[in-house]
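**Q** Okay, handing you the structure first.
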Amino acid sequence: MLVKLFKLYYKNLKPDDLNVKGFEKREFAYMPFNKQTMIRHLGFSNPKQLKQLLEEEVPLHVYYSSAYYENPSAPEMDEKTWLAADLVFDIDAEHIQTPCKEQHDHWKCLDCGEGGKGMAPDKCSRCGSKKIESESWVCDCCLEAARSEVLKLIEDFLTSDLGFSIKEMEIVFSGHRGFHVHVESSTAMTLDVDARRELADYVRGLGISTNFHGLMKVSGILVGPSLSDIGWRGRLARGFYDFLSKAEEADLLALRMSKSWVKYFMSNKEKILSGLLQNPPYWAWLRISPSGLEKIASKAIENVACRIDERVTIDIKRLMRMPGSLHGKTGLIAVRIPYTKLDSFDPFKEAAFFKKDTITLKVRHMPEIKLGGLLIGPYKDEVVKLPAEIATYLLAKGVADVYKGM
Ligand SMILES: [Zn+2]
Ligand SMILES: [Zn+2]
């Protein structure tokens, strides 16, 4: 069934939907249905040729290189001659801690049987084993969290701090759990691995030293940046303000702040916050020890930094999900999103190709989750009639089969 749906999609696809910048300099690759192999080192002179291949082969996954090569179809990497690469940022809902993960995700240690709800840990909390089996879902709330990270990345970092223009960016929904932002500006494209690592660290807020950003004691009095300062100075101040304005006693105690300071802060919260809003800001009311300041700074930085996957950003030869292709794990389209539409983007509306009908499925299991604005599940070995885009998603996820009747 899924192959049939994919074939139908590729048959009706317009070659223009596959047109990416520097098309003939990119390497393409795909993974067929039912085979764990990657067919790569493909090069095409135009999107029409690629569309033809997709229609004939009907792949499960399709990729293109973030890099531009002199000879993209050369079978060996060193024969390709690297010319440049998009600067890519990857934001994945899987890596963002959202409260809904407690409801729809779970994990189990294959060594000792320990398990739990929510995001899978790196290693088992009981025996330390890394052999962990997990099931994860992405719901509307997870995607919303990823979307707000993308907006933060573009608005706070790429445009205001780094000076790239929206016109030089391609925003792509990955078809699964997140978004890719490709910066296709000539200044970014020739950056080497070290420069990209610097940018990734900057965006992730690694190595931010508070006193380099003006937060320090001068003659025994705490001074600090203003919320409206540019770059990390202002971001640090806003991070402090956000964290402190929402902080409850329990949050501060969990940070191991001293009990006496927590008591002082809770009874002077409004005054302290109003001091930070002043121009110039007044930090001295915080009356905090150097170690307390660092603890809050790390929380403040965590909240305003951007959760990108740095491995994608520093890789100059990565294969990325091809815009216009279908994601084999969801049946959703890896679709390009104009910046102005990002706010209202709903994958089950704008990245679903097959949405007029309903399909009857036998769903083996799924938790209750919100998809495309609809509350679906929980199901356990149930026959249900679902909108086609949701049914396709469950088929691709491998938790359901088409119901053929009694
Ligand atoms: Zn274990
Ligand atoms: Zn969720």
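If you're matching positions, the sequence shown starts at 22 in the working numbering and goes up one per residue. Positions of the beta carbon are idealized from the N, C-alpha and C atoms, including for glycine. If you're wondering where the values come from, they're calculated on a predicted model, not measured in any experiment.
Under 7 angstroms Cβ to Cβ from residue 247, same chain only, skipping five residues before and after it: list those, please.
**A** For the purposes of this step, residue 247 is taken as the residue at position 226 of the sequence shown. Cβ neighbours of residue 247 beyond the five flanking positions: 255, 258, 300, 301, 302.
**Q** Classify residue 351 as buried or exposed, calling it buried when 16 or more other Cβ atoms lie within 10 Å of its own Cβ.
**A** Residue mapping note: residue 351 aligns to position 330 of the sequence shown, counting from 1. Looking at its Cβ environment, which holds 16 or more other Cβ atoms inside 10 Å, residue 351 is buried.
**Q** Near residue 430, which residues of its chain fall below 6 angstroms by C-beta distance, leaving aside the five closest residues on each side in sequence?
**A** Residue 430 is absent from the model: the chain starts at 22 and stops at 427.
**Q** Run through DSSP, which three-state label would residue 98 get?
**A** Locating residue 98 in the sequence shown gives position 77, where the first residue counts as 1. In the structure shown, residue 98 sits in a helix (DSSP, three-state: H, G or I).
**Q** First and last residue of the beta strand (DSSP E) that includes residue 191?
**A** Numbered from its first residue, the sequence shown carries residue 191 at position 170. Residue 191 -> beta strand (DSSP E) spans 190-194.
**Q** Mind reading off the beta-carbon distance from residue 353 to residue 196? Whole number of angstroms is fine, and I expect it under 8 angstroms.
**A** Translated into the one-based positions of the sequence shown, residue 353 becomes position 332. Translated into the one-based positions of the sequence shown, residue 196 becomes position 175. Contact holds; Cβ gap of about 5 angstroms.
**Q** For residue 427, collect the residues of the same chain with a Cβ closer than 8 angstroms to its Cβ; drop the 5 residues on either side in sequence, then sort them by chain order.
**A** Residue mapping note: residue 427 aligns to position 406 of the sequence shown, counting from 1. Bear in mind that a pLDDT of 48 at residue 427, under 50, signals an unreliable position, so the number given afterwards is only what the model happens to contain. Correct list: empty, nothing qualifies.
**Q** Taking 8 angstroms as the cut-off, is the beta-carbon of residue 351 closer than that to any non-hydrogen atom of ligand 2?
**A** Within the sequence shown, numbered from 1, the residue matching residue 351 stands at position 330. Flag unset: Cβ of residue 351 not near ligand 2.
**Q** Helix, strand or coil: which one does DSSP assign to residue 427?
**A** On the sequence shown, residue 427 is found 406 positions in, with the first residue counted as 1. Residue placement at residue 427 is poorly supported in this model, since its pLDDT is 48, which falls under 50; the coordinates still yield a value, given next. In the structure shown, residue 427 sits in coil (DSSP, three-state: anything other than H, G, I, E or B).
**Q** Once the 5 residues before and after residue 96 are set aside, which same chain residues still bring their CB inside 8 angstroms of it?
**A** Residue numbering aside, residue 96 sits at position 75 when the sequence shown is read from its first letter. Correct list, in chain order: 62.
**Q** Rounded to whole angstroms, what's the CA-CA distance from residue 312 to residue 287? Just pull it up for me.
**A** Start at 1 with the first residue of the sequence shown, and residue 312 comes out as number 291. Start at 1 with the first residue of the sequence shown, and residue 287 comes out as number 266. Each residue's Cα considered, the two are about 19 angstroms apart.
**Q** Residue 153 and residue 174 look like a contact to me (Cβ under 8 angstroms); what is the Cβ gap, rounded to whole Å?
**A** Within the sequence shown, numbered from 1, the residue matching residue 153 stands at position 132. Within the sequence shown, numbered from 1, the residue matching residue 174 stands at position 153. Incorrect: roughly 29 angstroms between the Cβ atoms, too far for contact.
**Q** Measuring only the C-alpha atoms, how far is residue 134 from residue 310?
**A** As a first step, residue 134 is located in the sequence shown; it is residue number 113 there, counting from the start. As a first step, residue 310 is located in the sequence shown; it is residue number 289 there, counting from the start. Between residue 134 and residue 310, the C-alpha separation is close to 44 angstroms.
**Q** Spatial neighbours of residue 417 within its chain, please: CB distance less than 7 angstroms, with the 5 preceding and 5 following residues excluded, ordered by chain position.
**A** On the sequence shown, residue 417 is found 396 positions in, with the first residue counted as 1. Within the same chain, residue 417 has close Cβ partners 23, 349, 350, 351, 352.
**Q** Any contact between the stretch 151-170 and the stretch 85-105? By contact I mean 3 or more CB pairs, one from each, below 8 angstroms.
**A** no
**Q** Any idea if residue 170 is buried or exposed, counting beta-carbon neighbours within 10 angstroms, 16 or more meaning buried?
**A** Here residue 170 corresponds to residue number 149 of the sequence shown, with the count starting at 1. Buried is the call here.
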